[in-house]
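Peer 1:
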Amino acid sequence: MNINSIEMVGQIADLKEVDYKNTLAVATLIELLIEKGIITRSEFSQKARELELATEAEITLMRRCKSIEK
Numbered sequence: 261m262n263i264n265s266i267e268m269v270g271q272i273a274d275l276k277e278v279d280y281k282n283t284l285a286v287a288t289l290i291e292l293l294i295e296k297g298i299i300t301r302s303e304f305s306q307k308a309r310e311l312e313l314a315t316e317a318e319i320t321l322m323r324r325c326k327s328i329e330k
């Protein structure tokens with residue numbers, strides 16, 4: 261294994277750590293919003309399904325429309 265391979269393995273490990281921390285932060289926020297009654301688990305699931313099916317352009321358009329409504 262050469263030095264570039266070792267560096268790449270280290271970078272991948274760092275990314276996994278960052279991904280884990282980001283996932284934990286998002287999961288924590290979702291649980292707090294549900295516990296405080298701000299959203300329901302059903303509402304969250306529905307929005308996740310909508311976003312999963314939407315393209316990046318559609319998501320951007322949805323955000324712009326919502327900011328205009330406010």
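With the sequence shown counted from 1, adding 260 to any position gets you the numbering used here. In this text, a Cβ means the ideal position worked out from N, Cα and C, and glycines have one as well.
Would you identify the three-state DSSP class for residue 263, choosing helix, strand or coil?
Peer 2: Looking at residue 263 - three-state DSSP - the assignment turns out to be helix.
Peer 1: How is residue 333 classed by DSSP in three states: helix, strand or coil?
Peer 2: No answer is possible for residue 333: the residues shown for the chain start at 261 and end at 330.
Peer 1: Less than 8 angstroms between the C-beta atoms of residue 304 and residue 319, yes or no?
Peer 2: Cβ atoms of residue 304 and residue 319: not closer than 8 angstroms.
Peer 1: Closer than 8 angstroms by C-beta to residue 311: which residues in its own chain qualify, once you throw out the five before and the five after it? Chain order, please.
Peer 2: These residues qualify, in order along the chain: 319.
Peer 1: For the alpha helix (DSSP H) that contains residue 335, what are its first and last residues?
Peer 2: The requested residue 335 does not occur in the structure, where the chain is confined to residues 261 to 330.
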